[in-house]
Amino acid sequence: MGNKSSSPPKAVEPPVALHVFKCLDGVPMEYSIPEVPEKRKPTDRFFLILFIVMYAALGVLTIYMMMYSDLKRTTNGYDNCGNVCGEKNDPVDGINCTGKDYTNENILMYERDSALVNLDNLDMEPSECVENCEEFGYLRILNRCFKISDFDDDKKEKAELELVIDMQVIKDLQASLGHIVGMVFIALGICFIILLLFKYFVSIMVKSIVISTVILSVGLAIYMWCFKTEYSTTAKWFVLIYCIIICVGAALSWRKINFVIRIFNETTKAVFDMPSLMLIPIWVFLIEIILIGLFIFLMIMYTTSGVLTHLYGPYYTYSLTSLMMFTIVYTLFMFLYSGAFLGGCQQVVVSGAISTWYFTREKDNILGSPVADSLRILTRYHLGSVAFGSLVISVMKFIRLAIKGMLKKKEFVCFRLMMNLCLDFVEEFIHYVSNQAYIMQCTANPSSNLVKELQNYS
206 MGNKSSSPPK AVEPPVALHV FKCLDGVPME YSIPEVPEKR KPTDRFFLIL
256 FIVMYAALGV LTIYMMMYSD LKRTTNGYDN CGNVCGEKND PVDGINCTGK
306 DYTNENILMY ERDSALVNLD NLDMEPSECV ENCEEFGYLR ILNRCFKISD
356 FDDDKKEKAE LELVIDMQVI KDLQASLGHI VGMVFIALGI CFIILLLFKY
406 FVSIMVKSIV ISTVILSVGL AIYMWCFKTE YSTTAKWFVL IYCIIICVGA
456 ALSWRKINFV IRIFNETTKA VFDMPSLMLI PIWVFLIEII LIGLFIFLMI
506 MYTTSGVLTH LYGPYYTYSL TSLMMFTIVY TLFMFLYSGA FLGGCQQVVV
556 SGAISTWYFT REKDNILGSP VADSLRILTR YHLGSVAFGS LVISVMKFIR
606 LAIKGMLKKK EFVCFRLMMN LCLDFVEEFI HYVSNQAYIM QCTANPSSNL
656 VKELQNYS
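Rendered as structure tokens:
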């Protein structure tokens, strides 16, 4: 006892700075996470300018397509000379049969009964615009009249089904629009209830999900092996192997459940401390709905575009030029680009807000709104980085769509599964790297370009 009391106390060593402890001598002492806005600089400005230029080009191409489009070409139809029913047509130089006034004739009538069995080549069938087609032997479907004197009732029904199926889909969507909106709000309510359960009963929720998954997989395996004999042996073995993997995985990861519970606790704290964080995916979802509606409208108008082209004899049709076909493909690419850009903006805003909340000691006394500050930093400094990351993702998606379109051919059946697996892996890898780069961009290293972040991360 005496020896212990008489020994001199050890000198207290000063705490080692974090950057020295990690041997990061190049990191300054005033380094902070996330970095203050005063020390940030706009990143990847070239890709932001490129993004704006690409949208400007889309606007020019859209105006060009609208100049050669007419929705009545699809709804009312046009005769063999390209005169649209239901409107006064302008004459075309060099084509004498154009320029007819069909203001009162808004129905297209096909003169031959062969039109019913030649629906894919109706431009080759003799037709004219009329006010009505109530004569005997004609069947009116929407704004089309078909001669059916030599066909039986079955062929009438088949022709009517093939012609009105697109319109029926639109009517069904209109009738079920209220139900779709209601289901969206029900899904939002269920998500909020689950969020509350994860906040107050996170331990019970996580453990019950794991246990119920194991029970359901075991029950499915027993049901298929013992009570259902019509399933193939391959399907039974697949379910059995899946059940074994689930059970073994749950047993091996059971000790890590407490760590998962802790992660959910931290996550729910951030969400409930910043309620405006839950509005971000809702706003992104609403903007995406507007984009989808605009894309569908443009595609409908594009299908009615075309330049009057001579087929043979007295027959003319509206066909797409090379520039028009390029515009359709380019619009599809910009739609993918816009979706990826919105997802990147959401990722940066959420990451910035969470990092501000997490690295603040006094979380009850946070000045301002972390979500609003993160959105302000995004729009002022990092839109170029998001434009670059979303460009990489959209290019990959576009290539994937093109390859999948090619794989539909019969000669690529053997490579379809392998190519789909490779494309899925590459796309998921690009998404993962881009998301990590977004997080690094908005938190730890805000003054560097996303290109350098991707290179360093790789």
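Reminder that position 138 of the sequence shown reads as 343 in the working numbering, one-by-one numbering, no gaps. Using N, Cα and C, we set each Cβ at its ideal position, and we do this for glycine too.
- When Pro296, Ala642, Met601, Asn640 are compared, the shortest CA-CA separation from Cys627 is found for Met601.
- Counting C-beta atoms within 10 angstroms of its own C-beta, Leu503 has 16 or more neighbours from the protein chains shown and is therefore classed as buried.
- Considered as a whole, the stretch 506-559 harbours no complete run of any alpha helix (DSSP H) with no fewer than 4 residues.
- Per the coordinates, the alpha-carbon of Phe252 lies some 26 Å from the alpha-carbon of Gly498.
- Of Ser599, Gly304, Tyr523, Ser481, the smallest CA-CA separation from Ser274 is found for Tyr523.
- For the pair Ser574 and Ser481, the CB atoms are nearer than the 8 Å cut-off.
- A Cβ-Cβ distance of about 7 Å is found for the pair Met506 and Leu276, placing them in contact under the 8 Å criterion.
- The C-beta of Trp442 has fewer than 16 other C-beta atoms within 10 Å across all chains shown, which makes the residue exposed.
- Residues of the same chain with a CB within less than 8 Å of the CB of Ile462, apart from the 5 flanking positions on each side, are Val411, Lys412, Val415 in chain order.
- When beta bridges are read from the DSSP output, Leu313 appears opposite Cys334, Arg349.
- Counting along the chain, Asn470 sits inside the alpha helix (DSSP H) bounded by residues 462-478.
- Assignment of Tyr283 by DSSP, reduced to helix, strand and coil, places it in the strand class.
- Counting the other Cβ atoms within 10 Å of the Cβ of Ala545 gives 16 or more, which makes it buried.
- Minimum Cα-Cα distance from Asn285 among the listed residues Tyr520, Thr565, Ser422 corresponds to Tyr520.
- If you draw a straight line from the Cα of Val297 to the Cα of Lys305, it is about 11 Å long.
- Going by C-alpha positions, Ile409 is about 59 Å away from Ile346.
- Annotated as proximal: Glu330 and Arg317, with beta-carbon spacing under 8 Å.
- By the Cβ neighbour-count rule, Ala380 is exposed, with fewer than 16 other Cβ atoms within 10 Å of its own.
- Across the set Leu402, Cys647, Phe538, His515, the C-alpha of Leu402 shows the shortest separation from the C-alpha of Ile466.
- Between the stretch 589-605 and the stretch 530-543, the count of C-beta pairs closer than 8 Å reaches three or more; the two stretches touch.
- Comparing C-alpha distances from Ala577 to each of Leu588, Tyr283, Ala558 shows the shortest one belongs to Ala558.
- Leaving aside the five residues that flank Asn470 on each side, the residues in its chain whose CB is nearer than 7 Å to its CB run, in chain order, Val407.
- Excluding five sequence positions before and after Leu525, the CB atoms of its chain that fall closer than 6 Å to its own CB belong to Gly511, given in chain order.
- Secondary structure note for Ser422: its alpha helix (DSSP H) is the uninterrupted segment 407-427.
- The C-alpha of Gly610 is placed about 27 Å away from the C-alpha of Asp328.
- Phe564 and Phe603 have their C-alpha atoms roughly 38 Å apart.
- Boundaries cannot be given for Lys613, as no alpha helix (DSSP H) includes it and DSSP labels it neither H nor E.
- Annotated three-state conformation of Ser590 is helix, per DSSP.
- Minimum Cα-Cα distance from Gly454 among the listed residues Tyr535, Thr418, Trp430 corresponds to Thr418.
- Only residues of its own chain outside the window of five on either side were considered, and among them Met314, Cys350, Phe351, Lys352, Ile353 have a CB closer than 8 Å to the CB of Tyr343, listed in chain order.
- In the structure shown, the three-state DSSP call for Tyr273 is coil.
- Per DSSP, reduced to three states, the secondary structure at Asp298 is coil, with no helix or strand assignment.
- Ranked by Cα distance from Ile427, the first of Tyr436, Leu445, Thr439, Tyr405 is Leu445.
- With fewer than 16 other Cβ atoms from the protein chains shown falling within 10 Å of its own Cβ, Cys396 counts as exposed.
- Here Tyr447 carries a helix assignment [DSSP, helix/strand/coil].
- By a beta-carbon distance limit of 8 Å, Cys334 contacts Cys290. Their separation comes to about 4 Å.
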